[in-house]
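S.K.:
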Amino acid sequence: MGVKTLQEDRLGSQISPPPHPSSVKEEGATVHSSVKEEGAAIHSSVKEEGATIHSSAREESARPRSLVEGEGARHLLVAHDLVKHYRLPRESLFAAAPIVQALRGVSFKLRRGQALGIVGESGSGKSTLARMVMALEAPTSGSVHMNGRDLNALSASDLRAARADFQMVFQDPYGSLDPRQRVGRIVAEPLPTLPALPASERQARVDEALNAVGLRASDADKYPHEFSGGQRQRIAIARALITKPQLIVADEPVSALDVSVQAQVLNLLQDLRAQFGVAFLFISHDLAVVDHVCGNDGDEVAVMFAGRIVEQARSEVLFQHAAHPYTRALIAAVPGHVSGENANPKSVAPSSRVMPNAEATASGGCSFAARCPMRQARCDVEAPELRELAAGHLAACHFA
Ligand SMILES: Nc1ncnc2c1ncn2[C@@H]1O[C@H](COP(=O)(O)OP(=O)(O)OP(=O)(O)O)[C@@H](O)[C@H]1O
Ligand code: SF4
Ligand SMILES: [Mg+2]
143 MGVKTLQEDR LGSQISPPPH PSSVKEEGAT VHSSVKEEGA AIHSSVKEEG
193 ATIHSSAREE SARPRSLVEG EGARHLLVAH DLVKHYRLPR ESLFAAAPIV
243 QALRGVSFKL RRGQALGIVG ESGSGKSTLA RMVMALEAPT SGSVHMNGRD
293 LNALSASDLR AARADFQMVF QDPYGSLDPR QRVGRIVAEP LPTLPALPAS
343 ERQARVDEAL NAVGLRASDA DKYPHEFSGG QRQRIAIARA LITKPQLIVA
393 DEPVSALDVS VQAQVLNLLQ DLRAQFGVAF LFISHDLAVV DHVCGNDGDE
443 VAVMFAGRIV EQARSEVLFQ HAAHPYTRAL IAAVPGHVSG ENANPKSVAP
493 SSRVMPNAEA TASGGCSFAA RCPMRQARCD VEAPELRELA AGHLAACHFA
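As structure tokens, this is what we get:
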């Protein structure tokens with residue numbers, strides 16, 4: 143079964159291929175898009191010669207730092223062996239403080255204009271990864287390089303300036319917009335990180351960003367409560383676009399929206415990719431949604447489980463030839479999905495329960511073992527490395 147068919151099953155005919163319509167109706171309101179005319183000035187399309195997107199975590203760990211930095215210069219984003227531990231409060235005076243291993247060695251690379259989808263169940267570390275990439279928190283170890291620069295080595299002022307290149311769209315279109323600010327001010331909020339702009343230029347940038355997401359310039363004078371959920375998410379996307387970023391990190395950007403509105407916002411994100419060449423790190427627990435945004439040539443999907451990437455491949459490869467039992471379980475759970483290779487009932491994990499982080503990360507073996515129908519003795523004592531099964535297809539399973 144084709145990947146697109148999965149989307150159609152999930153989202154129905156509301157998902158249409160780009161280009162974005164010049165006018166869309168959303169939850170009762172008509173919003174106008176002038177992406178083509180106005181938006182094109184926001185960001186010129188940038189493309190880079192295709193280099194290998196990802197090599198295994200083990201390969202990366204073995205490389206000297208200078209080489210990793212060299213790759214950082216070729217790639218837009220290089221995340222190298224990211225580990226993040228959170229220390230929880232002690233349960234008693236004499237007990238050791240429990241540690242949550244939210245990320246356990248995550249490495250990937252992103253080329254300019256490329257989209258990488260991150261999918262995984264609740265607690266698998268997706269948002270933690272987003273915060274590391276956005277340098278909102280420092281990793282326990284590992285590094286994030288944007289355009290060859292180690293974000294965690296930058297001074298506070300250099301980091302502020304660098305933030306123009308990478309922006310974030312959050313899940314909650316209600317909580318992420320300050321209800322006391324007018325939309326124009328919200329959208330312009332990232333601009334102070336740039337060198338001072340004249341007021342007229344600021345206004346022009348706000349108009350341009352609002353137009354690019356299908357809103358009117360006059361919407362700048364309104365407050366967030368005057369907009370629907372989908373329109374608010376458009377405002378959040380306009381705010382992310384205004385600095386002409388090279389990368390947008392979107393953490394579950396449509397999961398709070400109705401399915402019909404999800405389709406419109408997903409189409410908009412696809413349009414913006416086509417128009418501006420912006421790269422995406424797109425996070426969702428929903429494979430069909432990830433596939434819609436990350437289905438272009440060269441795009442990839444990474445599947446996370448218990449703080450690690452357990453499989454990564456081009457989107458269509460992942461859907462047709464998933465190698466990890468967890469990925470197969472995710473695909474099997476997509477409504478209406480039937481596929482020769484992935485329909486093997488043995489490949490479907492027996493439980494859909496979310497595994498507590500402590501349980502999944504405690505054993506020295508494979509963290510998926512407790513739920514794996516293919517588990518063997520080796521799985522309990524040896525953690526599988528993420529290894530390359532075929533060009534660009536990585537999986538962490540002894541028997542993949
Ligand atoms: N600030 C924090 N303090 C303590 N533990 C944390 C913190 N942030 C995340 N965690 C823990 O780290 C693990 C990964 O959390 P994270 O929010 O990254 O998962 P997620 O994949 O984004 O989940 P969801 O799909 O529910 O958003 C979880 O066990 C979570 O409880
Ligand atoms: S290594 Fe073993 S337990 Fe882990 S996913 Fe593969 S077969 Fe299952
Ligand atoms: Mg999350």
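Taken in order, the sequence shown gives residues 143 to 542; the numbers are from this note's numbering.
We put the CB at the ideal spot given by N, CA and C, even for glycine.
1) In chain order, what residues of the same chain lie with their CB nearer than 6 angstroms to the CB of L293, ignoring the 5 residues before and after it?
2) In the DSSP output, which residue or residues are listed as bridge partners for Y228?
3) What residues in its chain sit with their C-beta under 6 angstroms from that of Q404, if we drop five residues either side in the sequence?
4) Given the structure, does P467 come close to ligand 2, in the sense that its CB is under 7 angstroms from one of the ligand's heavy atoms?
5) Hey, quick one: how far does the alpha helix (DSSP H) through E458 stretch, first residue to last?
6) Under the three-state reduction of DSSP, which class applies to Q412: helix, strand or coil?
7) Starting from the N-terminal side, write out each stretch of the beta strand (DSSP E) that is 3 residues or longer and does not extend beyond the segment 355 to 424.
8) If you run the structure through DSSP and keep just helix, strand and coil, what is G326?
9) Between L224 and S360, what straight-line distance do the alpha-carbon atoms span, to the nearest angstrom?
10) Sorry if obvious, but does the Cβ on H535 come closer than 7 angstroms to a heavy atom of ligand 2?
11) Opposite R450 in the DSSP bridges: which residues?
12) Across which residues does DSSP place D292 in a beta bridge pair?
13) Cα separation between S402 and I473?
14) Rounded C-beta distance between P387 and R374? I'm assuming under 8 angstroms.
15) Let me confirm a value: G192 is counted as buried when at least 16 other C-beta atoms fall within 10 Å, else exposed. Which label applies?
16) Quick one: give me the first and last residue of the beta strand (DSSP E) that V311 is part of.
17) Would you kindly report the start and end of the unbroken beta strand (DSSP E) that includes H535?
18) Within 10 angstroms of its Cβ, does E524 collect 16 or more other Cβ (buried), or is it exposed?
19) Could you check whether the Cβ of P332 sits closer than 7 angstroms to any heavy atom belonging to ligand 2?
20) Pull up the distance between the alpha-carbon of N409 and that of G356, whole angstroms please.
21) How would the residue list near ligand 5 read, in chain order, if you kept each one whose beta-carbon is closer than 5 angstroms to any heavy atom?
M.R.: Concretely, from the data shown:
1) A277 and V286
2) V242
3) V396
4) yes
5) S457 to H463
6) helix
7) 389 to 393
8) helix
9) 43 angstroms
10) no
11) F447
12) H287
13) 22 angstroms
14) Going by Cβ atoms, the distance from P387 to R374 rounds to 19 angstroms, so no, they are not a contact pair.
15) No answer about G192 holds up, because its pLDDT of 31 lies below 50 and its placement is not dependable.
16) F308 to V311
17) H535 to A537
18) exposed
19) no
20) 11 angstroms
21) With respect to small molecules bound, the structure shown includes ligand 1, ligand 2 and ligand 3 and not ligand 5.
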